[in-house]
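Asks: This is the structure, below, for whatever I ask next.
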Amino acid sequence: MSDNPENSMSNDRETPPDEQLEETYSDPHTPDETDGAVQQPLEQAPNELDQEFQRIATYLGSLMERGVLQGNPEEYGQEYLQALEDMNRVTDIETRVQGGQELTIQDIYFLREYGGEIQSLDSQKDPRISELLQDRDPEADIEMMLENFDHNQLARDMIYNAAPDVIAQNMDKFLQSEVDQFQLAQDLIDSGGDNMKILADNLDEFPEGAVDHTQLARGLLEFGSKGENILVENLDKFLQSEVDQVQLARALIDYGQTGRKILAENLDKFLQSEIDHVQLARDLRDSGGDGMEILANNLDKFQYGAVDHAELAQHLMNDGKSGRKILARNLDKFQSDAVDYAQFAQDLMNDGFLGREALVNNVDKFPPEAVDHAQLAQDLMDNGMKCRIAENLDKFPDGTIDHAELARDLMIIDADSILADNLEKFHDGAVDHTKLAHRLMNKGEYNREVLTRNLDKFPPEAVDHAELVRNMMDRGRESMSTLVANLDKFPDGTVDHTEIARDLMNKGWEHLLAQNLDKFQPGAVDQFQLARDLLKSSPRGRKTLTENLDKFQFMAVDQAQLVRDLMRSGMERCLAENLDKFPEGALDHAREVMDSRGEHTLARNLDKLRGVPADVRD
């Protein structure tokens, strides 16, 4: 990669690498078109631009004389002209797309801003840019550019114009000889901030040895809480490589309590022989603050004998309400002889609201004889904690709670959604299902969604299913999503599946229909039409069809055409990740992925080649 990225950039923002255009951005017009801007002789354009520039500079100069602006008026004029040019180009692209034309590879390069940020005449980004790209698959677009552009030049342009995340996410697609992956990794570390997240998120895309894992881990820790979260989210990627686990663990410990917390929470991912569990436990115990909580939360990850369970339990018992709450939450991780369960239960009962809440939420972790369940239930009822009882009702022995009384009380306090979500925990006959369903039906969109999600818990005669469907269909996409995701919970004959499918198609929600196709009755959906619509709609539509191919009838999808379109759109990864959904030809499709330089993508998805002999996969 060049040491001087500025020299690698073309001054012509609209010209992608190795795709020099002979005309201005409006080249899609033909000579016969009457667009005045295009019909103007090209040699006149510089004079017109000079005149426009002079007019703008004069105006800006007058503003400066009055103190409105400060600086060089020529710089403001140049920015204005660049913004004007960019906006005109966006308009030109929009016009062609509205006329039914596809975006060209140059259009995509421009709209993705790989050649530079698109300027606007105001401080807001032109909303048309996202609209033009909204149905496009970013992965397919990068594949198309890699097919047509020089990899080295494209990589330099993208890094210079703040798109290193795209490179990192698609590292396996760039020719290794064209992109210095070691330098890219180091540049991302050195630049810090969000670029380190890009590197961490895509660590498995880089070849072994290209990234200094310990340096990256230290950099993330120094990035504050955001960096710490990034490290935790990607720790598996660090450990899957040949990273020096001792060095990584030392970097975490040296960072203090935050580092020790990350290490403790992921202790089971490190080789036991590489970490001194006893020392880590001692450091947490002696660190004060939340050290004891970290130790208790992760007690099951420490080697046997590394922690004195009885000592830790006693410390938490003596640490007030907060300590006892921590102990209750982690009680199942402690050795059975480390805790006096009866005394601990009584202490929680005496701790007021927080103590009773901790006890009821974890009562199943106590030996039955250690807790007076009837007294606990009565205390909860008397202190307005009926919802907590409902959420934990299955943890109480039979006879300790009057289920019918609890159900009535929940409806009195308008906790209908809590009752519905926990309906299966109540005894038969304890709940008036018809009354509950009616209340949920008439208490707004949220409660109707609750009813729909829990529909299989209600007897069929308790719910007006047709009315529920009408209400859900009259609402927005979220309600419709809930309806179709739970369509299999409606009793046979209560719902017109064909009508729902037709409504989804009419509203342009084919993606939602495809994702839930298995919930519809056979014959309710015109799968041939749905497949055709998705196939011709956009890269996103083809992706949805591919990801849900196993839900379609074999004859409903032109699989050969789907594969051709995926490959033409540069969507090898989508094809490789869903090879197991193609009933026939998976091996042939795998070869097509390899022919498109997708060996790395295929290698990560070999398990999808079901039924293919191992020697053939090799």
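Numbering-wise (my numbering), the sequence shown opens with residue 982 and increments by one. Each residue gets a CB set at the ideal place from its N, CA and C atoms; glycine is no exception. As the structure is a prediction and not an experimental result, all values here were calculated from the model.
Are Ile1179 and Leu1169 touching if we call contact CB-CB under 8 Å?
Replies: yes
Asks: For Leu1233, which option in Val1078, Arg1263, Leu1201, Ala1512 has the closest C-alpha, if you only look at C-alpha atoms?
Replies: Leu1201
Asks: Return the residue from the list Ile1307, Phe1251, Asp1289, Glu1255 that minimises the CA-CA distance to Ile1275.
Replies: The residue with the shortest Cα to Cα distance from Ile1275 is Ile1307.
Asks: Taking the alpha helix (DSSP H) that Glu1255 belongs to, which residues open and close that run?
Replies: First-last for Glu1255: undefined, no H or E at that position.
Asks: Please classify Gln1253 as buried or exposed, where buried requires at least 16 other C-beta atoms within 10 Å of its C-beta.
Replies: exposed
Asks: According to the Cβ coordinates, are Gln1496 and Thr1525 closer than 8 Å?
Replies: yes
Asks: Is the segment 1085-1105 touching the segment 1476-1496 in the sense that three or more CB pairs, one from each, lie closer than 8 Å?
Replies: no
Asks: Taking 8 Å as the threshold (C-beta atoms), are Asp1531 and Lys1562 in contact?
Replies: yes
Asks: Expressed to the nearest angstrom, what Euclidean distance is found between the alpha-carbon atoms of Glu1338 and Phe1377?
Replies: In a straight line, the C-alpha of Glu1338 is about 14 Å away from that of Phe1377.
Asks: Only counting the same chain, and skipping five residues up and downstream in sequence, which positions put a Cβ closer than 7 Å to that of Ala1505?
Replies: Within the same chain, His1478, Thr1479, Ala1482 come within 7 Å of Ala1505 by CB-CB distance, once the 5 residues on both sides are set aside.
Asks: What is the DSSP secondary structure of Thr1085, reduced to helix, strand or coil?
Replies: coil
Asks: How big is the Cα-Cα spacing for Ile1099 and Leu1516?
Replies: 31 Å
Asks: Do Glu1186 and Ala1136 have their CB atoms nearer than 8 Å?
Replies: One thing to note: Glu1186 has its Cβ no nearer than 8 Å to the Cβ of Ala1136.
Asks: So, are the CB atoms of Ser1206 and Gln1238 less than 8 Å apart?
Replies: no
Asks: Using only the alpha-carbon positions, how far apart do Ala1355 and Leu1374 sit?
Replies: 12 Å
Asks: Between Ala1262 and Leu1244, which are expected to be in contact by the criterion C-beta below 8 Å, what is the C-beta distance as a whole number of angstroms?
Replies: Actually they do not touch by this definition, with Cβ atoms about 11 Å apart.
Asks: As a quick exercise: from Gln1105, Gly1474, Asp1546, pick the residue whose alpha carbon is nearest that of Arg1521.
Replies: Asp1546
Asks: Throw me the rounded Cβ distance for the Arg1554 and Glu1120 pair, which I believe falls under 8 Å.
Replies: The Cβ separation is near 6 Å, so the contact holds.
Asks: If we call anything under 8 Å between Cβ atoms a contact, is Leu1387 one with Lys1367?
Replies: Going by C-beta atoms, Leu1387 is nearer than 8 Å to Lys1367.
Asks: Note down, in chain order, each residue of its chain lying with its Cβ closer than 7 Å to the Cβ of Ala1309, except the 5 sequence neighbours on either side.
Replies: Leu1329, Ala1339, Leu1340, Asn1343
Asks: Should Gln1079 be labelled buried (16 or more other beta-carbon atoms within 10 Å of its own) or exposed?
Replies: exposed
Asks: With 16 other CB atoms within 10 Å as the buried threshold, where does Thr1463 fall?
Replies: Classification of Thr1463: buried, given that the 10 Å Cβ count is 16 or more.
Asks: Excluding the five sequence neighbours on either side, which residues of its own chain have a C-beta within less than 6 Å of the C-beta of Glu1405, listed in chain order?
Replies: Lys1438
Asks: Buried or exposed: where does Asn1151 fall if 16 or more other Cβ atoms within 10 Å of its Cβ makes it buried?
Replies: buried
Asks: List in chain order: all unbroken beta strand (DSSP E) runs of 3+ residues lying wholly within the segment 1324-1369.
Replies: none
Asks: Classify Pro1441 as helix, strand or coil using the three-state DSSP reduction.
Replies: DSSP places Pro1441 in helix when its eight states are reduced to three.
Asks: Rounded to a whole number of angstroms, what is the C-alpha to C-alpha distance between Glu1066 and Arg1117?
Replies: 24 Å
Asks: Identify the continuous alpha helix (DSSP H) that holds Leu1202 and give its terminal residues.
Replies: Per DSSP, Leu1202 is one residue of the alpha helix (DSSP H) stretching across 1194-1203.
Asks: I'd like to know whether the C-beta atoms of Leu1084 and Ile1074 end up nearer to each other than 8 Å.
Replies: yes
Asks: Relative to the alpha-carbon of Gln1226, which residue among Ile1211, Gln1508, Gly1208, Ala1198 has its alpha-carbon at the smallest distance?
Replies: Ala1198
Asks: Could you work out which residue in Ala1191, Ala1323, Ala1358 is closest to Pro1349 when comparing CA atoms only?
Replies: Ala1323
Asks: Report the option in Ala1396, Asn1435, Glu1430 whose CA atom is closest to the CA atom of Asn1452.
Replies: Glu1430
Asks: Output the residue ranges of the alpha helix (DSSP H) runs that lie fully inside the segment 1249-1310 and measure 4 residues or longer, sorted by chain position.
Replies: 1258-1267, 1272-1278, 1290-1298, 1301-1310
Asks: Please list, in chain order, all residues of the same chain as Asp1182 whose beta carbon is under 7 Å from its beta carbon, the five residues on each side excluded.
Replies: Asn1215
Asks: Rounded to whole angstroms, what is the Cα-Cα separation between Gly1208 and Asp1193?
Replies: 16 Å
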